[in-house]
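Under my numbering, the sequence shown is numbered contiguously, ending at residue 190.
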Amino acid sequence: YLFSKHPKIGDFDVCPVLKNRTTYSKFFPKCNLKFSGSAGFLLSPKAVPFAEKFKIGGVPFARGIENEEFSGNVAGFPSGCDMFLSQTLEFYTPILPQYNLNGHFFANGAISANLRSNNFFDAVPQVSKALTVGTGLVFVQNGMQIELNTQLPVHLSNELNFVKFQFGISPL
Numbered sequence: 019y020l021f022s023k024h025p026k027i028g029d030f031d032v033c034p035v036l037k038n039r040t041t042y043s044k045f046f047p048k049c050n051l052k053f054s055g056s057a058g059f060l061l062s063p064k065a066v067p068f069a070e071k072f073k074i075g076g077v078p079f080a081r082g083i084e085n086e087e088f089s090g091n092v093a094g095f096p097s098g099c100d101m102f103l104s105q106t107l108e109f110y111t112p113i114l115p116q117y118n119l120n121g122h123f124f125a126n127g128a129i130s131a132n133l134r135s136n137n138f139f140d141a142v143p144q145v146s147k148a149l150t151v152g153t154g155l156v157f158v159q160n161g162m163q164i165e166l167n168t169q170l171p172v173h174l175s176n177e178l179n180f181v182k183f184q185f186g187i188s189p190l
């Protein structure tokens, strides 16, 4: 449940919210392929405040999009999204296996949707989409994956800013 202060009365309204986020990954060692993804959704009878929305982007959710930038913007700031889906297919090749350093080639697709209005700044529902391909270096250490990538957009929604080079750290 979210609690929000009523602007006129001063008491609190209760807004029920169901928020779920799932991440999955499957590695196929015989062919050095990894399939991974993430999804999340918010269900609420009312508009959800900005602070509760998903802020996604960056490695590994939307390669080529900066962290927290894969959603709509309000006055130049990311407003977040109500739901998202991200899928990645990666091919790994060992470079320095004794140091857990690999090269990888990837295809990464993501979609996010902002369906409910928070206020008059965020009145238009919006769907953002990105499909990128690229290559980079991957270093795995202590449950973290550190990536240095270069990527190209195959498809990109108009409102998204794309970066050709990206550094990212994500949990395994």
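Cβ atoms here follow ideal geometry from the backbone N, Cα and C, with glycine treated the same way. Computed from a prediction, not measured in an experiment: that's the story for all the values here.
- Boundaries of the beta strand (DSSP E) harbouring Lys37: 36 to 46, taken from the DSSP string.
- Excluding the 5 residues flanking it on each side, Pro171 has same chain C-beta neighbours closer than 8 Å at Gly82, Ala148, Leu149, Thr150, Phe180, in chain order.
- With fewer than 16 neighbouring CB atoms inside 10 Å of its own CB, Gln159 falls in the exposed class.
- Look at Phe72 here: in three-state DSSP terms it is strand.
- Using a Cβ-Cβ distance cut-off of 8 Å, the segment 63 to 70 and the segment 122 to 132 are not in contact, since fewer than three pairs of beta carbons, one from each stretch, lie closer than that value.
- Here Ser89 is actually not in contact with Ser56; their C-beta atoms are around 14 Å apart, not less than 8 Å.
- Assigned with DSSP and collapsed to three states, Pro115 falls in helix.
- The alpha carbon of Ser188 has as its nearest neighbour, out of Pro78, Gly98, Asp100, the alpha carbon of Pro78.
- According to the DSSP secondary-structure assignment, Gly154 is paired through a beta bridge with His122, Asn167.
- Between Gly186 and Phe102, the alpha-carbon positions lie close to 19 Å from each other.
- When only Cα atoms are considered, His173 and Lys44 end up about 25 Å apart.
- Counted as a single uninterrupted DSSP element, the beta strand (DSSP E) harbouring Ala57 occupies residues 51 to 61.
- Under the three-state reduction of DSSP, Gly161 is assigned to coil, being neither helix nor strand.
- Beta-bridge analysis with DSSP links Val145 to Ala131.
- For the set Phe109, Gln184, Met162, Asn91, the Cα lying nearest the Cα of Leu51 is the one of Phe109.
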